[in-house]
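Engineer: So the sequence shown is residues 484 to 938, counted in the working numbering.
The beta carbon of each residue, even a glycine, is placed where N, CA and C say it ideally should be.
One structure, as structure tokens, below. Some questions next.
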Amino acid sequence: MSDNSLRSGQRRRFIKSAGAATVALLAGCGGNESSESTAGDGEGGDSGASTGEQSNNITTLTVRHFVNDHIETFYEKHNPILKKEHGIKVDFETMGWGVARKKQNNSISTRTGPDVEEIASTWMPQQVNSDGWMDLEEAGVSMPTDKIYESPLQIGKFDGVRAGFPWFWGPRGHIYYKSLFEEAGIDGPPSTWDELANDASKYNKQAEKWEQEGYNTRYLFGIPGANNWAVVQYYMMLIWQNGGSVIDGSKPTFDSDAAVEALNFYKDLSTTHKASPQASVEWNGVARNNAFSSKRIASTWQGLRVANDIDAELGVGKPPAGPRGESSTFFGVNLIGIHPWTKKKSEAATFIEYLMQPAVNAELAKGSGFLPTIKSSFEQDAFQGELYQSFSEDVLNNTNAKTAPQVVGWGDVSGAIKGAVTKVLTKAATDSWSEGDTQKALQQAAMQAENALQG
484 MSDNSLRSGQ RRRFIKSAGA ATVALLAGCG GNESSESTAG DGEGGDSGAS TGEQSNNITT
544 LTVRHFVNDH IETFYEKHNP ILKKEHGIKV DFETMGWGVA RKKQNNSIST RTGPDVEEIA
604 STWMPQQVNS DGWMDLEEAG VSMPTDKIYE SPLQIGKFDG VRAGFPWFWG PRGHIYYKSL
664 FEEAGIDGPP STWDELANDA SKYNKQAEKW EQEGYNTRYL FGIPGANNWA VVQYYMMLIW
724 QNGGSVIDGS KPTFDSDAAV EALNFYKDLS TTHKASPQAS VEWNGVARNN AFSSKRIAST
784 WQGLRVANDI DAELGVGKPP AGPRGESSTF FGVNLIGIHP WTKKKSEAAT FIEYLMQPAV
844 NAELAKGSGF LPTIKSSFEQ DAFQGELYQS FSEDVLNNTN AKTAPQVVGW GDVSGAIKGA
904 VTKVLTKAAT DSWSEGDTQK ALQQAAMQAE NALQG
């Protein structure tokens, strides 16, 4: 996502006066399939914002976020509350994903920039090693660890440093159209890969009837393919579902027998099993979302961002298990932490604790299209709908939820995996795949990854 009206890196202050508010127009969000977490060309001009302005017992905290179309609305409401109840005013800026990594690393190397900032979990290891984040507990933040979902909570800590509070996250569930499943005689999402394949066969028979009635060809299921930067995330889901792992310590394991079987199932979704359109091998995230919203596919693995934009009755269940494993899903997570150069540690700690309040956590997550990390946030009115409650019960509490491994060099590892997955999917779609190609591609990628991890 992009913001055409505001260049990344520009700072706007939120100023409340005479009943009017001047706010910045922000867009986008972290941890979703429309924005890529890669390095890019940064812009200069960070002002070293650790000094801030203080007057009338009001402390200005400088905070930097990844682009998010709800941040403007969030601060429009909560800045006055923070000012009144805690003596804090937030001066915020946003950065696009294309420049974010370079901007953050520049701030860390020069020890200048905002007091508080969002953290990308896969960048955190290198940044912690560079003393880029304070330990939140040492900074005075009272972390209600027993009230936060365990999976995102674990991601906030690296090498003994509790660097970030996970303020919202995006686990993927198996989201489906209830009416399409019912008409095809399918009772909810599949619990195993075999069930998914069998359901596809049943659904395809119903799809033939729909075609006779004038509908376009429909399929049971679809996930992004080779042209989506997140294809690695979907492959990792399949590995975990089959009992495999991606990295064990510093050794790549995404070429194991379980992983080979997982990638073969990925390619077979659109070929052998006919569960997905043949064209899905080339899909990016937008193409998949369009196919789902137009009912070309009846189900997909996705968070609630896409579901929020669809005016139809949707259901959600946990993703299936492979023959060697259990139901597993990928989640993206947005963390927020305190930089060690801040001169306002106490106020920064108070601000982060404010974000942990169930009502605040729920509002931020709902507005951003994600889920809250504080368990009791699901008791808030915003999350009382059946879809949200099902997501909480079936996905968050009964699914093995993981995210990308937190290792230095993950960018190169992810690139190697993406190359192998793309090669296999493309060969399958062009009828040029043969036995052994999957294992060979993954073994070559594992060698590249091992060099990156050892480097």
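#1: Report the residue from T886, Y717 and G727 whose alpha carbon sits nearest the alpha carbon of Y749.
#2: Quick check on DSSP: helix, strand or coil for G797?
#3: Among residues of its own chain, excluding the 5 on either side of L925, which ones have a beta-carbon nearer than 7 Å to its beta-carbon?
#4: Do the segment 799-808 and the segment 647-656 make contact, defined as three or more Cβ pairs closer than 8 Å?
#5: Which whole runs of the alpha helix (DSSP H) in the segment 669-718 are 4 residues long or more, in chain order?
#6: Who does Q785 pair with in a DSSP beta bridge?
#7: Report the rounded CA-to-CA distance for I554 versus A781, giving the unit in angstroms.
#8: What span of residues does the alpha helix (DSSP H) with T556 cover, start to end?
#9: Per the DSSP calculation, A603 is bridged to which residue(s)?
#10: Taking only three categories from DSSP, how would you classify R547?
#11: By how many angstroms is the C-alpha of A622 removed from the C-alpha of K901?
#12: Going by beta carbon distance, what residues of the same chain come within less than 6 Å of D895, once the five residues before and after it are set aside?
#13: When you compare the CB positions of K685 and G668, do they come within less than 8 Å of one another, or not?
#14: Do Q889 and M626 come within 8 Å of each other at the CB atom, strictly closer than that value?
#15: Nearest-angstrom Cα distance between D751 and M719?
#16: Report the three-state DSSP secondary structure of K734 (helix, strand or coil).
#17: Around the C-beta of E576, are 16 or more other C-beta atoms found within 10 angstroms, so that it is buried, or is it exposed?
#18: With N883 as the anchor, note down where its beta strand (DSSP E) starts and where it stops.
#19: Kindly confirm or deny that the segment 845-854 and the segment 755-770 touch, where touching means at least three C-beta pairs closer than 8 Å.
#20: Can you give the beta carbon distance from G820 to E600, rounded, assuming they're within the 8 Å contact cut?
#21: Please go through the segment 824-856 and give each complete alpha helix (DSSP H) segment of 4 or more residues, from N-terminal end onward.
#22: Leaving out five residues before and five after C512 in sequence, what residues of the same chain have Cβ atoms less than 6 Å from its Cβ?
#23: Hey, out of V546, H756 and N589, whose CA is closest to F704's CA?
#24: D618: which of P841, G643 and I793 sits nearest, CA to CA?
#25: Short of 7 Å in beta carbon distance, which residues of its chain neighbour R807, apart from the five on each side in sequence? Order them along the chain.
#26: Hey, which unbroken runs of the alpha helix (DSSP H) at 4 residues or more fall wholly within the segment 601-640?
#27: Does the segment 864-873 come within contact of the segment 572-586, defined as at least 3 CB pairs closer than 8 Å?
#28: Count the CB pairs spanning the segment 822-840 and the segment 767-780 that are closer than 8 Å, and state whether there are at least three.
#29: Expressed to the nearest angstrom, what Euclidean distance is found between the alpha-carbon atoms of H569 and T825?
#30: Shortest alpha-carbon distance to E876 belongs to which of K885, F861 and A887?
#31: Taking buried to mean at least 16 other C-beta atoms within 10 Å of its own C-beta, is Y698 buried or exposed?
Structural biologist: Walking through what the data contain:
#1: Here residue 749 is taken as the residue at index 266 of the sequence shown, counted from 1. Here the closest residue by C-alpha is Y717.
#2: Translated into positions along the sequence shown, residue 797 becomes position 314. The sequence given here has Leu at residue 797, not Gly. Residue state, collapsed to three classes: strand.
#3: Locating residue 925 in the sequence shown gives position 442, counting from the first residue. Same-chain partners within the cutoff: F737, D738, A742, V743, L746 and A903.
#4: yes
#5: 676-695
#6: As a working note, residue 785 is residue 302 in the sequence shown. Bridge partners of Q785: G656.
#7: Locating residue 554 in the sequence shown gives position 71, counting from the first residue. Locating residue 781 in the sequence shown gives position 298, counting from the first residue. When rounded, the distance between both Cα atoms is 32 Å.
#8: One-based indexing of the sequence shown puts residue 556 at position 73. From DSSP, the alpha helix (DSSP H) with T556 extends over I554 to H569.
#9: Against the sequence shown, residue 603 aligns to sequence position 120. For A603, which the question treats as bridged, DSSP gives the partners N817.
#10: Working through the sequence shown from its first residue, we reach residue 547 at position 64. Three-state DSSP puts R547 in a strand.
#11: Locating residue 901 in the sequence shown gives position 418, counting from the first residue. Locating residue 622 in the sequence shown gives position 139, counting from the first residue. Approximately 38 Å, taken between the alpha carbons.
#12: Counting from 1 along the sequence shown, the entry for residue 895 is found at position 412. So the qualifying residues of the chain are A935.
#13: For the purposes of this step, residue 685 is taken as residue 202 along the sequence shown, with counting starting at 1. For the purposes of this step, residue 668 is taken as residue 185 along the sequence shown, with counting starting at 1. Yes. Within cutoff.
#14: Reading the sequence shown from its first residue, position 143 is the one you call residue 626. Reading the sequence shown from its first residue, position 406 is the one you call residue 889. Not closer than 8 Å, so no.
#15: Taking the sequence shown and counting its residues from 1, the one referred to as residue 751 is at position 268. Taking the sequence shown and counting its residues from 1, the one referred to as residue 719 is at position 236. Going from the Cα of D751 to the Cα of M719 covers about 16 Å.
#16: As a working note, residue 734 is residue 251 in the sequence shown. Here K734 sits in strand by DSSP.
#17: Position 93 of the sequence shown holds residue 576. Per the 10 Å Cβ criterion, buried.
#18: By 1-based counting over the sequence shown, the position of residue 883 is 400. Per DSSP, N883 belongs to the beta strand (DSSP E) from N883 to K885.
#19: no
#20: Taking the sequence shown and counting its residues from 1, the one referred to as residue 820 is at position 337. Taking the sequence shown and counting its residues from 1, the one referred to as residue 600 is at position 117. G820 to E600, Cβ: 7 Å. Contact.
#21: 828-838 and 841-851
#22: As a working note, residue 512 is residue 29 in the sequence shown. Note that C512 has pLDDT 35, beneath the 50 cutoff, so the model's placement of it is unreliable and no number is given.
#23: Walking along the sequence shown from the start, residue 704 turns up at place 221. The candidate whose alpha carbon is nearest that of F704 is H756.
#24: Sequence index remark: in the sequence shown, residue 618 carries index 135 (1-based). Considering only alpha carbons, the answer is G643.
#25: The residue you call residue 807 lines up with position 324 of the sequence shown. Counting only Cβ-Cβ distances below 7 Å, and skipping sequence neighbours, we find N725, G726 and A741.
#26: 607-612 and 633-638
#27: no
#28: no
#29: Position 86 of the sequence shown, counted from the start, is the residue given in the question as residue 569. Position 342 of the sequence shown, counted from the start, is the residue given in the question as residue 825. Computed Cα separation, rounded: 18 Å.
#30: If you number the sequence shown from 1, residue 876 lands on position 393. It is F861.
#31: Residue numbering aside, residue 698 sits at position 215 when the sequence shown is read from its first letter. Label assigned to Y698: exposed.
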